[in-house]
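Student: Residue numbering for the sequence shown follows the UniProt record's numbering, beginning at 1 and increasing consecutively.
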Amino acid sequence: KNSGGCPLIFEKEGVYLHTNAKRSNQDTTIPGFIRIVERDGEPAMEVEHSFDPGYEPDWAVISTVKQERRQEHPPVREKGTVLNSQWGSFSLPLSELYSLRRARFSLGRNFLVLTTRGGDPLPPLHFQRGGARELLKAMQRYIRLAPSPMDGRLFLAYPHDSGALSQSFDELHLFDDTSADLVSRFIQDPYATTFGGFSKVTNFFRGALPHTHQESPFSNRSPQDAHCPHPADEEPGFELITCGAELGPRPQVKRGKPLDNWDQFLDPEGRVTDPQKVKELVFRGGIVPSLRREVWKFLLGFYPWNSTTKEREDILRVKTDEYFRMKVQWKSVSEEQEMRNSLFRGYRSLIERDVNRTDRHNSFFSGNENPGLALLHDVLMTYCMYNFDLGYVQGMSDLLSPLLFVTQNEVESFWCLTGFMDLVHQNFEESQEAMKQQLLQLSVLLRALDPELCDYLDSQDSGSLCFCFRWLLIWFKREFSFEDILSLWEVLWTRLPCENFHLLMASSILESQKEELIGSNHDFNSILKHINELTMKLDLQSILCGAEAIYLQLTHCKLPLKVQEVLGLRVPCSSSEESPDSEPKETDTLLAQSEARGASSCQPFNGQTPQRTPPTYP
Numbered sequence: 001k002n003s004g005g006c007p008l009i010f011e012k013e014g015v016y017l018h019t020n021a022k023r024s025n026q027d028t029t030i031p032g033f034i035r036i037v038e039r040d041g042e043p044a045m046e047v048e049h050s051f052d053p054g055y056e057p058d059w060a061v062i063s064t065v066k067q068e069r070r071q072e073h074p075p076v077r078e079k080g081t082v083l084n085s086q087w088g089s090f091s092l093p094l095s096e097l098y099s100l101r102r103a104r105f106s107l108g109r110n111f112l113v114l115t116t117r118g119g120d121p122l123p124p125l126h127f128q129r130g131g132a133r134e135l136l137k138a139m140q141r142y143i144r145l146a147p148s149p150m151d152g153r154l155f156l157a158y159p160h161d162s163g164a165l166s167q168s169f170d171e172l173h174l175f176d177d178t179s180a181d182l183v184s185r186f187i188q189d190p191y192a193t194t195f196g197g198f199s200k201v202t203n204f205f206r207g208a209l210p211h212t213h214q215e216s217p218f219s220n221r222s223p224q225d226a227h228c229p230h231p232a233d234e235e236p237g238f239e240l241i242t243c244g245a246e247l248g249p250r251p252q253v254k255r256g257k258p259l260d261n262w263d264q265f266l267d268p269e270g271r272v273t274d275p276q277k278v279k280e281l282v283f284r285g286g287i288v289p290s291l292r293r294e295v296w297k298f299l300l301g302f303y304p305w306n307s308t309t310k311e312r313e314d315i316l317r318v319k320t321d322e323y324f325r326m327k328v329q330w331k332s333v334s335e336e337q338e339m340r341n342s343l344f345r346g347y348r349s350l351i352e353r354d355v356n357r358t359d360r361h362n363s364f365f366s367g368n369e370n371p372g373l374a375l376l377h378d379v380l381m382t383y384c385m386y387n388f389d390l391g392y393v394q395g396m397s398d399l400l401s402p403l404l405f406v407t408q409n410e411v412e413s414f415w416c417l418t419g420f421m422d423l424v425h426q427n428f429e430e431s432q433e434a435m436k437q438q439l440l441q442l443s444v445l446l447r448a449l450d451p452e453l454c455d456y457l458d459s460q461d462s463g464s465l466c467f468c469f470r471w472l473l474i475w476f477k478r479e480f481s482f483e484d485i486l487s488l489w490e491v492l493w494t495r496l497p498c499e500n501f502h503l504l505m506a507s508s509i510l511e512s513q514k515e516e517l518i519g520s521n522h523d524f525n526s527i528l529k530h531i532n533e534l535t536m537k538l539d540l541q542s543i544l545c546g547a548e549a550i551y552l553q554l555t556h557c558k559l560p561l562k563v564q565e566v567l568g569l570r571v572p573c574s575s576s577e578e579s580p581d582s583e584p585k586e587t588d589t590l591l592a593q594s595e596a597r598g599a600s601s602c603q604p605f606n607g608q609t610p611q612r613t614p615p616t617y618p
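1) Alpha carbon to alpha carbon, how far is M536 from R153?
2) Within the chosen definition, does the region 388-401 reach the region 271-279 through at least 3 CB pairs nearer than 8 Å?
3) Pick from M139, G118, Y142, R102: whose alpha carbon is nearest that of F127?
4) Quick check on this structure: which residue in M45, T309, L488, V563 has the alpha carbon closest to the alpha carbon of V288?
5) As a quick exercise: from N387, K257, E483, R317, pick the residue whose alpha carbon is nearest that of V411.
6) Beta strand (DSSP E) containing S332: first to last residue?
7) Excluding five sequence neighbours on each side, which residues of the same chain lie with their C-beta closer than 7 Å to the C-beta of D274?
8) Can you tell me which of the three DSSP states K257 falls into?
9) Quick one: any contact between the region 124-144 and the region 9-16, if contact means 3 or more CB pairs under 8 Å?
10) Is it buried or exposed for M45, if we count other Cβ within 10 angstroms and need 16 for buried?
11) For V355 and P249, I'd like the C-alpha separation in whole angstroms.
12) Check each candidate in D398, R353, F405 and name the one with the smallest Cα separation from G372.
13) Helix, strand or coil for R312, going by three-state DSSP, please let me know.
14) So for F90, helix, strand or coil by DSSP?
15) According to DSSP, Y16 sits in a beta bridge with which residue or residues?
16) Once the 5 residues before and after D177 are set aside, which same chain residues still bring their CB inside 8 Å of it?
17) Along the alpha helix (DSSP H) that carries G285, what are the first and last residues, could you check?
18) Do A506 and L534 have their C-beta atoms within less than 9 Å of each other?
19) Measuring CB to CB, does R293 end up less than 9 Å from Q408?
20) Provide the residue(s) that pair with R35 in DSSP beta bridges, ordered along the chain.
21) Count the other CB atoms within 10 Å of the CB of L375; is the residue buried (16 or more) or exposed (fewer)?
22) Note the first and the last residue of the continuous alpha helix (DSSP H) segment covering P159.
23) Nearest-angstrom Cα distance between V563 and W475?
24) Judging by CA-CA distance, which residue of T418, D398, L399 is the nearest neighbour of residue 619?
25) Expressed to the nearest angstrom, what Euclidean distance is found between the alpha-carbon atoms of K327 and G256?
26) Among S363, P159, F524, which has the Cα closest to the Cα of D461?
27) Which residues in the same chain as S246 place their Cβ atom closer than 6 Å to its Cβ, once the five residues preceding and following it in sequence are excluded?
28) Going by DSSP, name the residue or residues bridged to L145.
29) Quick check on this structure: which residue in R495, C416, G519 has the alpha carbon closest to the alpha carbon of Y456?
30) Our contact map puts S413 next to L423 with C-beta atoms below 8 Å; I'd like the distance itself, whole angstroms only.
31) Could you pull out every residue in the same chain whose Cβ sits closer than 7 Å to the Cβ of Y303, ignoring the five residues on either side in sequence?
32) Return the first residue and the last residue of the alpha helix (DSSP H) that S464 is part of.
33) Take the Cβ of G568 as the centre, count every other Cβ of all protein chains shown within 10 Å, and call the residue buried at 16 or more, exposed below.
34) According to DSSP, is S579 helix, strand or coil?
35) How big is the Cα-Cα spacing for I550 and L390?
36) With burial defined as no fewer than 16 other Cβ atoms inside 10 Å of the residue's Cβ, what is the status of T358: buried or exposed?
The structure is reproduced here in structure tokens:
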């Protein structure tokens with residue numbers, strides 16, 4: 001029994017409270033102890049720390065937590081937590097524990113972050129002398145800790161007799177109202193929210209994002225998603241999607257020369273003799289401007305790779321007729337008809353507004369009464385007739401303008417747009433499921449590459465990666481110069497070395513900003529501001545090299561299954577046929593081929609990685 005006469009279940013000294021103090025004359029960690037006791041038959045966690053009287057750390061003022069003078073054993077309320085701001089003491093009934101999260105911040109410090117069912121985040125606890133494992137064992141005598149389906153490092157607490165573990169995600173309230181409201185409001189108008197100044201929405205994000213355990217509103221993970229072996233210092237059960245300690249050296253990658261001789265790939269009848277070689281050359285160095293108009297039509301599916309010159313002439317004639325039939329349809333809609341069709345009227349209004357602000361700095365679209373603007377408008381209106389269910393969504397004008405600039409042709413730009421939209425149309429669907437999935441996949445990649453950066457973003461309520469939304473929505477159109485976008489998109493259209501290479505691009509950008517973000521101690525608002533201000537400041541070639549180097553680095557190590565899926569090295573398992581711990585054969589083949597090439601030589605990648613098929617190397 002402790003000094004208060006209550007049964008003492010567990011006690012540990014050397015538990016430090018992290019105050020996050022920024023004053024030069026104050027320590028940021030305060031020593032103390034933690035214990036688990038039974039009070040009137042109910043288990044409770046008690047934490048006591050002592051620091052200088054009169055000092056109040058920045059976490060002490062929590063409006064929903066009652067503050068008391070220090071007592072030898074702070075009283076336990078029937079519902080809630082007692083926090084003593086002067087002495088850093090609090091007592092939490094285990095029945096009131098909602099979640100427990102393992103966090104690692106800079107300098108390798110490990111913390112446990114507890115959250116109450118009332119939504120109160122308690123000060124992070126640092127087990128400088130160990131003991132976290134023993135604490136969890138003591139807690140599990142009274143409660144069950146189940147991995148959150150949204151974060152492999154987050155564990156939700158349930159009573160032993162609770163049936164909550166078998167309930168659906170909605171019944172477990174993993175998505176609270178504020179989180180759902182954030183998603184619906186954020187994605188309802190991505191153009192206005194993400195294309196405008198982030199400074200206008202930062203307060204909204206801070207108010208809407210859940211602070212209790214910093215889960216991403218876009219996540220949808222299952223507990224079995226984390227398969228990467230945990231480092232030696234991790235507590236059992238805390239499996240993370242990270243291989244940071246196991247990654248080998250990142251190779252140096254150089255860009256190649258652009259494709260500058262198209263005729264060498266055509267046979268006498270005009271067929272492309274080696275489409276794969278063409279894609280590899282484009283991926284390595286892009287395309288010279290004079291060939292873009294022709295090659296883009298192959299990359300975007302307007303012309304089949306095996307078509308002859310005569311067949312392409314027939315295709316162009318048929319597609320021209322089809323285009324103008326659709327154009328006549330919307331051109332013939334009278335004002336009276338349009339007044340009775342609110343959907344069509346809404347599409348036209350959005351298009352007219354966006355056309356007037358799309359790439360006006362480019363000479364092809366600058367000035368008033370510019371024919372380029374009229375073509376931009378007409379192609380977008382015709383696309384509404386081609387895909388009326390999707391219609392027009394803000395941001396699609398950004399995808400069309402480079403196509404129209406390169407082809408200089410209304411019909412060709414339209415069919416190139418349909419090919420481009422085949423790749424990204426899910427980005428613009430109302431449910432935004434594809435955008436949520438991509439943000440989750442980006443989080444998976446970043447967690448494997450740089451857990452420290454992920455933990456820092458989590459600690460600043462930025463783990464949702466919402467600031468990457470615009471990048472993924474329109475494939476970095478607003479982040480690079482117009483000319484750079486022409487080069488970037490033709491690289492991405494090759495789908496080499498994997499279909500999610502745009503996520504590797506995003507990872508490369510984020511890693512390039514790590515030193516600035518962490519070193520300058522950016523908070524939520526300044527992270528959004530900093531990322532938004534990267535526009536036109538990024539070097540495309542170095543980012544491309546970094547993205548390819550990341551791919552090569554990852555494929556030289558044993559990857560968690562989720563990372564393999566993002567890279568296209570395995571097909572997501574939809575049944576129990578494959579054990580979650582099994583390693584797919586194609587990954588073994590890939591790794592064997594990579595070893596044969598030699599990790600130290602780091603030759604640039606020259607092959608595609610299709611699902612279930614190992615890549616080919618020169």
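In this text, a Cβ means the ideal position worked out from N, Cα and C, and glycines have one as well.
If you're wondering where the values come from, they're calculated on a predicted model, not measured in any experiment.
Tutor: Based on what the coordinates show:
1) The straight-line gap separating the alpha-carbon atoms of M536 and R153 is approximately 36 Å.
2) With the rule of 3 Cβ pairs closer than 8 Å, the region 388-401 does not count as touching the region 271-279.
3) When M139, G118, Y142, R102 are compared, the shortest CA-CA separation from F127 is found for R102.
4) For V288, the closest alpha carbon among the candidates M45, T309, L488, V563 is that of L488.
5) Checked all of N387, K257, E483, R317; the closest Cα to V411 is R317.
6) Following the DSSP letters along the chain, one finds S332 in no beta strand (DSSP E), marked with neither H nor E.
7) F265, listed in sequence order.
8) K257 falls in the coil class under three-state DSSP.
9) Enough Cβ pairs lie closer than 8 Å, so yes.
10) Within a 10 Å sphere around the beta-carbon of M45 sit 16 or more other beta-carbons, which makes this residue buried.
11) Distance between the alpha carbons of V355 and P249 is about 46 Å.
12) Checked all of D398, R353, F405; the closest Cα to G372 is F405.
13) Looking at R312 - three-state DSSP - the assignment turns out to be helix.
14) Looking at F90 - three-state DSSP - the assignment turns out to be strand.
15) Under DSSP, Y16 forms a beta bridge with H126.
16) Unreliable positioning characterises D177 in this predicted model, as indicated by a pLDDT of 36, which lies under 50. The coordinate reading is nonetheless provided below. Scanning its chain for C-beta atoms nearer than 8 Å, with the 5 sequence neighbours on each side dropped, one finds no residue around D177.
17) For G285, the enclosing alpha helix (DSSP H) covers residues 275-285.
18) No, the pair does not count as a contact, with Cβ atoms beyond the cut-off.
19) Taking 9 Å as the Cβ cut-off, R293 and Q408 qualify as a contacting pair.
20) R35 is bridged to E11, E46.
21) Buried, since its Cβ has 16 or more Cβ neighbours within 10 Å.
22) Judged by DSSP secondary structure, P159 falls outside any alpha helix (DSSP H) and instead within the beta strand (DSSP E) spanning 154-159.
23) So the alpha carbons of these two residues sit roughly 21 Å apart.
24) The structure shown has nothing for residue 619, since the chain only spans 1 to 618.
25) Cα to Cα, K327 sits roughly 41 Å from G256.
26) Among S363, P159, F524, the Cα nearest to that of D461 belongs to F524.
27) Note that residue 246 corresponds to Glu in the displayed sequence, not to Ser. Taking C-beta separations shorter than 6 Å and ignoring five residues to either side along the sequence, the partners of E246 in its chain run C557, following chain order.
28) BP columns for L145 point to A157.
29) Checking every option, the nearest Cα to that of Y456 belongs to G519.
30) In fact, because the Cβ distance is near 16 Å, the residues do not count as touching under 8 Å.
31) Setting aside the 5 residues that flank it on each side, Y303 is surrounded in the same chain by K297, R312, I315, each with a C-beta closer than 7 Å to its C-beta; the list follows chain order.
32) Taken as a continuous stretch (DSSP letters only), S464 belongs to no alpha helix (DSSP H), as it is neither H nor E.
33) Looking at its Cβ environment, which holds 16 or more other Cβ atoms inside 10 Å, G568 is buried.
34) Unreliable positioning characterises S579 in this predicted model, as indicated by a pLDDT of 41, which lies under 50. A coordinate reading is not provided.
35) C-alpha separation (whole angstroms): 35 Å.
36) Under this definition T358 is a buried residue.
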